[in-house]
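Shown next, in structure tokens, is the structure this report addresses.
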Amino acid sequence: MAGREEEKKLVRDISILVGGKAGDGVLFTGNVLARWLKRQGWWAVTYRDFPSNIRGEATQYTIRASLDPIENRNNTVDVLLAFDCEAIEKHSLRLSDGGLVLCDGADAAHLPASAGNYLTSFAFPLRQPARQHFGRDIFKNMIALGALGYLFGLELSHLEGIIRELYEKRKGEEVVRLNLKAASFGFDQAKEIIPAGERWPLLSLPDEGRLLLSGDEAIALGALAAGCRFFAAYPICPASEIWQWLAPRIKSFGGVVIQVEDELAALNMAIGASYAGAKAMTSTSGPGASLMMEAFSLAGMTETPVVIAHVQRVGPATGLPTKTQQGDIFQWVFGSHGEFPRVVLAPGSVEECFTFTIAAFNLAEKLQGPVVILTDLDMGQNLRTTPLLEANSWRVERGKLLSAEEVSNLKEYKRFAFTEDGISPRVIPGTPNGLHLVESVEHDEFGWRSEDPRVRAAMMEKRMRKIKAIAPDLIPPGLYGEAEASVGLISLGSTRGPILEAMKRLHQEGIKTKFLQVRTLWPFPSAEVKEFLAGLKHLFVVENNYSGQLLTLLRSQVEVEPGLKVEGLRKYTPDNFVPEEIYQPLKEAAER
Amino acid sequence: MKRSDPYSLHPPTWCPGCGLYGILEALKRAASSLALDPAQMVIVTGIGCHGRFPNYFRAYGFHGLHGRVMPVASGIKLVNPSLKVIGISGDGDAYSIGLNHLLHAARRNIGVLAVVVNNRVFALTQGQASPTSPQGFVSISTPFGTVEPPLEGLELALSAGATFVARGFSGEVNHLAGLFRRGLAHRGFGIIDILSPCVTHNKINTYDWYKKHIKLLPLTDELPQDRKQAWEWLAEREKFVLGILYQEERASLEELVLPDPSRPVAHLELKPEAERIKELMEIFR
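Top to bottom, those sequences are chains D and S. 242 is the number of the first residue of the first sequence in my numbering; add one for each residue after it. 168 is the number of the first residue of the second sequence in my numbering; add one for each residue after it.
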């Protein structure tokens, strides 16, 4: 595509891959580039493919930007920024025709011979000038960013803004100046090395009313907005970002984040804090969730509100801690001992991570029980451009929580009183006249242990009744596409982006499809699913796991007509879906 | 309503002669002498015979899971430091399944009083050996006698950073009440290991046996902050040394991590704070 200036002006969608070794600053470079593109008015999303390693292993980070709203990567790479020859060897063959490679100086020779025909490659000194002019290797990242700025015609004032926000307060003016100097060095060096005709100038549009953030960050922000003031957690990939984002910020809201010894403690502590009156939360991933299963049931039995965010990664066992998967659906829908009411929400976008977290807290308070926000690494850690999060409809609800005044007027207080909706008014410790026992043993209305069969049955029914009471507050599934379509998809979580993109492409080709995004996994939205299935000829259930957990759940809750062809579209390799992988089978189905 | 005994609730149903009776009585005396308001006390218990404590002692109660007393108690204390939070465990609860939590609670110096009812046997599950059973202890789970030496919970707690370390005996109620009194007034994490006969399942460590194997330290107003002395007392194997073995004045976790310990998290007035959240969103521009 070299030199075809006219064609390049039409660039609407571009993917840049930054490849190097863990510790190289790949994440930094990619994050800054994504924000730069977003400020240039593009819709930027990132896709990290990192090893579970701090230094030394190969790592790659893809930044995709589009003029149209996007939520996910695709399977193309247009520009490769390689910090070493391994990255060139690994990724250059993935580049699209006319792609461009920038690689650090000495490694240029490693471009595979076969790739030379359709790629343009430039040896681009990074480490050497970083060392020579700025004293440290690490400035290679800013030099590289400056070069990309030239390549894409990005406005340097945006970069300056980003660098200032990053370093001005924390590291001072001198660091900002040095970084910007390195960037303009890279910009100027690119002018010399890359001929003007090889540039990919991108449109510059206003950046209004949009944010760039990860699902983990959106959950943290949502927690603050929901009134979460206590967070206990144990470090685990890919969920730690949630409480690590909150830790420095929750204090000014009067709250506290505490790192604890393990996930058993994390959930038990959150339950203790919630029982005592705080809106409390914890977060984890698969292995930690296994430890939390014990206390999950405690929250159910003691009727204590608590919110658990689970960011799924590849299992079983340690699995692949830095790779995405959706294999823990059953864990929360069916996990733990005994039976108790629970809610499992599955956000499918960054915006939903925010709004569902607020909903989760309000649901937990109303239910007086555990509510799970189930996402995955792709949603949790990757950055996505999203419309400004809507702030008008927030509510901070406390459910049936009695005030000290209300308690003082009580003649008698029954913590687990049998009520019509099953929800019994709650009193927090320290309230005069409200003394009671919260009991993990089966108990009567007062909380006194009871083995009386009638009490047991009535108490079980009371707890389970609560599910009906909160039903109107559950988040209904999202419905997309054309109502009359005979090919449909059902999915959850981060697969939403690639599904919507595949559907858009099919729509442009005149192929009708529709998609039901399950947002409340449990209680399962049986009525909505049933309605969606009516008239459908071919159903795809898309999920990032081996055994088809969502499909199994669906089959257990909804009677599927024998005439409906049901197909599981599953991916259990350690990466998420790209639109192509959904587009193809759908197209084939439609054409059959 | 004025109660003559504000701390009594249901009559206990522990086995006649169980050490827990003495402990219940000692805690009542201590609470009474400190004039504690039952509504400002929370008793968290684990699983075991001790677990019924909040059925018999009038206060707020939380009967949780086996071994998880410390995390629940810590969560309560962190969001409302004005409450007196007492975490009662058995030796199985505290030193076996919940040991990790106990040590980390000690390390954090959270203002919770950990009470370990140490009867040296799993009583509620019909008499299996526990981590503190004497070596050679024959039980249904150890028909040939335990081969492991008993675990010394107080040594672990002291090395983990507990700032109040005491040992009592449920047969010495007055002495024990004194330990409770001091422990309840303590600023950070306190632990009282209470030697407590199980009349049903432990035929070795009986009241008579303990009477020959304990040595009482007098309770004085002095702060026993000599770590070396504490280790010496704990190292005594002929007799259990009873008393406050170690106490140290140090800022508690809640004092250190809460933005304002006088404004409990539990009592914060919550509203959407839309303006402040919008401000935070600017980070993501």
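Virtual Cβ for every residue (Gly too), placed ideally from N, Cα, C. Bear in mind that the values here come from a model prediction, so they are computed numbers and not experimental data.
Whole-Å CB distance - glycine 568 of chain D paired with glycine 456 of chain D, under 8 Å assumed: Here the question's residue 568 of chain D lines up with position 327 in the first sequence. Here the question's residue 456 of chain D lines up with position 215 in the first sequence. The pair is not a contact, with the Cβ atoms about 17 Å apart (cut-off 8 Å).
Contact set between serine 241 of chain S and chain D, taken where Cβ atoms lie within less than 7 Å: The residue labelled residue 241 of chain S in the question sits at position 74 within the second sequence. Taking the beta carbon of serine 241 of chain S as reference, the chain D residues within 7 Å of it are Met510, Gly513, listed in sequence order.
Within chain D, partners of arginine 473 of chain S - CB distance below 7 Å: Since the first residue of chain S shown is 168 and the last is 452, residue 473 of chain S is not available in this structure.
Within chain D, the residues that phenylalanine 224 of chain S reaches when beta carbons sit closer than 7 Å: Taking the second sequence and counting its residues from 1, the one referred to as residue 224 of chain S is at position 57. Neighbours of phenylalanine 224 of chain S in chain D, taken as residues at a C-beta separation under 7 Å, are lacking, since the least C-beta distance is about 10 Å.
Environment of valine 548 of chain D [buried if 16+ CB atoms lie within 10 Å]: Numbered from its first residue, the first sequence carries residue 548 of chain D at position 307. Its Cβ being crowded by 16 or more others within 10 Å, valine 548 of chain D is buried.
Stretch-stretch touch, CB-based, cutoff 8 Å, three pairs: the stretch 493 to 507 of chain D with the stretch 408 to 427 of chain S: Cβ pair count under 8 Å is three or more, so yes.
Contact set between the stretch 255 to 269 of chain S and chain D, restricted to residues whose Cβ is under 8 Å from the partner: Residues passing the 8 Å Cβ filter: Asn267, His268.
Start and end residues, beta strand (DSSP E) containing lysine 331 of chain D: As a position in the first sequence, residue 331 of chain D is number 90, starting the count at 1. Looking at the DSSP string, lysine 331 of chain D is not in any beta strand (DSSP E); the run it does join, the alpha helix (DSSP H), is 326 to 332.
Identity of the residue in D/Gly541, D/Arg451, D/Lys771 nearest isoleucine 450 of chain S by Cα: Residue numbering aside, residue 450 of chain S sits at position 283 when the second sequence is read from its first letter. Of the candidates D/Gly541, D/Arg451, D/Lys771, the one whose C-alpha sits nearest the C-alpha of isoleucine 450 of chain S is D/Arg451.
Leucine 395 of chain D at chain S interface by Cβ criterion, 7 Å: One-based indexing of the first sequence puts residue 395 of chain D at position 154. Under the 7 Å criterion on CB atoms, leucine 395 of chain D is classed as non-interfacial with respect to chain S.
Contact with chain S by proline 479 of chain D, beta-carbon distance below 7 Å: Taking the first residue of the first sequence as 1, we reach residue 479 of chain D at position 238. No, no contact with chain S.
Span separating the alpha-carbon of alanine 243 of chain D from that of arginine 452 of chain S: Here residue 243 of chain D refers to the residue found at position 2 of the first sequence. Here residue 452 of chain S refers to the residue found at position 285 of the second sequence. Bear in mind that the predicted position of alanine 243 of chain D carries a pLDDT of just 41, short of 50, making it too unreliable to give a figure here.
Minimum Cβ-Cβ distance from lysine 169 of chain S to chain D less than 7 Å: Residue mapping note: residue 169 of chain S aligns to position 2 of the second sequence, counting from 1. Residue confidence for lysine 169 of chain S is low, a pLDDT of 46 falling below 50, so the modelled location carries little weight and cannot support an answer.
Segment limits, beta strand (DSSP E) that includes arginine 253 of chain D: Along the first sequence, read from residue 1 onward, the residue named residue 253 of chain D stands at position 12. Element bounds for arginine 253 of chain D: n/a, residue is neither H nor E.
Opening and closing residue of the beta strand (DSSP E) in which proline 821 of chain D lies: Taking the first sequence and counting its residues from 1, the one referred to as residue 821 of chain D is at position 580. Strictly speaking, residue 821 of chain D in this sequence is glutamate, with proline absent from that position. It is not in any beta strand (DSSP E) - glutamate 821 of chain D instead sits in the alpha helix (DSSP H) that spans 820 to 832.
Beta carbon proximity, leucine 452 of chain D to chain S, threshold 7 Å: Residue numbering aside, residue 452 of chain D sits at position 211 when the first sequence is read from its first letter. Taking Cβ atoms only, chain S reaches closer than 7 Å to leucine 452 of chain D, which makes this a yes.
Interface residues of chain S facing threonine 672 of chain D [CB-CB closer than 8 Å]: Sequence index remark: in the first sequence, residue 672 of chain D carries index 431 (1-based). Result: Ala206.
Inter-residue spacing [alpha-carbon to alpha-carbon] between leucine 194 of chain S and alanine 344 of chain S: For this step, residue 194 of chain S is matched to residue 27 along the second sequence. For this step, residue 344 of chain S is matched to residue 177 along the second sequence. Looking at the two C-alpha atoms, the distance is approximately 6 Å.
Span separating the alpha-carbon of phenylalanine 304 of chain S from that of glycine 294 of chain S: Residue 304 of chain S sits at position 137 when you count from the first residue of the second sequence. Residue 294 of chain S sits at position 127 when you count from the first residue of the second sequence. The C-alpha of glycine 294 of chain S is placed about 11 Å away from the C-alpha of phenylalanine 304 of chain S.
Beta-carbon proximity check, glycine 663 of chain D vs lysine 607 of chain D, cutoff 7 Å: Looking up residue 663 of chain D in the first sequence gives position 422. Looking up residue 607 of chain D in the first sequence gives position 366. Taking 7 Å as the cut-off, the Cβ atoms of glycine 663 of chain D and lysine 607 of chain D do not count as close.
Per DSSP, the bridge partner or partners of threonine 525 of chain D: Position 284 of the first sequence, counted from the start, is the residue given in the question as residue 525 of chain D. The partner list for threonine 525 of chain D (beta bridge, DSSP) reads D/His551.
Contact check, leucine 678 of chain D vs glycine 671 of chain D, beta carbons under 7 Å: Taking the first residue of the first sequence as 1, we reach residue 678 of chain D at position 437. Taking the first residue of the first sequence as 1, we reach residue 671 of chain D at position 430. No; because the gap between Cβ atoms is not below 7 Å, this pair is not in contact.
Buried versus exposed, by CB contacts within 10 Å (16 or more), histidine 217 of chain S: Counting from 1 along the second sequence, the entry for residue 217 of chain S is found at position 50. Flag for histidine 217 of chain S reads buried.
Whole-Å CB distance - leucine 780 of chain D paired with glycine 738 of chain D, under 8 Å assumed: In the first sequence, residue 780 of chain D corresponds to position 539, counting from 1. In the first sequence, residue 738 of chain D corresponds to position 497, counting from 1. In fact, because the Cβ distance is near 20 Å, the residues do not count as touching under 8 Å.
Beta carbon proximity, asparagine 276 of chain S to chain D, threshold 7 Å: Position 109 of the second sequence, counted from the start, is the residue given in the question as residue 276 of chain S. Cβ-Cβ to chain D under 7 Å: no for asparagine 276 of chain S.
Rounded C-alpha distance that separates serine 543 of chain D from alanine 511 of chain D: Mapped onto the first sequence, residue 543 of chain D falls at position 302. Mapped onto the first sequence, residue 511 of chain D falls at position 270. Checking the sequence, you will find threonine at residue 543 of chain D rather than serine. So the two alpha carbons sit approximately 13 Å from each other.
Closest Cα partner of alanine 540 of chain D within the set D/Val612, D/Lys707, D/Val498: Sequence index remark: in the first sequence, residue 540 of chain D carries index 299 (1-based). If you compare the alpha carbons of D/Val612, D/Lys707, D/Val498 with that of alanine 540 of chain D, the shortest gap goes to D/Val612.
Coarse secondary structure for glycine 589 of chain D, derived from DSSP in three states: Numbered from its first residue, the first sequence carries residue 589 of chain D at position 348. Of the three classes helix, strand and coil, the one that applies to glycine 589 of chain D here is coil, per DSSP.
Three-pair Cβ contact test at 8 Å for the stretch 264 to 274 of chain D versus the stretch 591 to 601 of chain D: No, the stretch 264 to 274 of chain D is not in contact with the stretch 591 to 601 of chain D.
Within 7 Å, strictly: CB atoms of proline 221 of chain S and glycine 215 of chain S: Taking the second sequence and counting its residues from 1, the one referred to as residue 221 of chain S is at position 54. Taking the second sequence and counting its residues from 1, the one referred to as residue 215 of chain S is at position 48. Using a Cβ distance threshold of 7 Å, proline 221 of chain S and glycine 215 of chain S do not count as a contacting pair.
4-residue-minimum alpha helix (DSSP H) runs that sit fully inside the stretch 301 to 364 of chain S, ordered along the chain: If only complete runs of 4 or more residues are kept, the stretch 301 to 364 of chain S shows the alpha helix (DSSP H) at 320 to 327, 340 to 352, in order along the chain.
Interface partners of lysine 652 of chain D on chain S, CB under 7 Å: Indexing the first sequence from 1 puts residue 652 of chain D at position 411. Chain S residues near lysine 652 of chain D: none, gap ~12 Å exceeds 7 Å.
Cutoff 7 Å: tryptophan 484 of chain D Cβ touching any chain S Cβ: Taking the first sequence and counting its residues from 1, one reaches residue 484 of chain D at position 243. Among the CB atoms of chain S, none fall inside 7 Å of the CB of tryptophan 484 of chain D.
Cutoff 7 Å: isoleucine 444 of chain S Cβ touching any chain D Cβ: In the second sequence, the residue the question calls residue 444 of chain S occupies position 277. With a threshold of 7 Å between beta carbons, isoleucine 444 of chain S makes contact with chain D.
Under 8 Å from the C-beta of glutamate 422 of chain S: neighbouring residues of chain D: Residue mapping note: residue 422 of chain S aligns to position 255 of the second sequence, counting from 1. Residues of chain D whose Cβ lies closer than 8 Å to the Cβ of glutamate 422 of chain S do not exist, since the nearest Cβ in that chain is about 12 Å away.
is_contact[arginine 470 of chain D, chain S] using C-beta, thresh 7 Å: Translated into positions along the first sequence, residue 470 of chain D becomes position 229. At least one chain S Cβ lies under 7 Å of arginine 470 of chain D.
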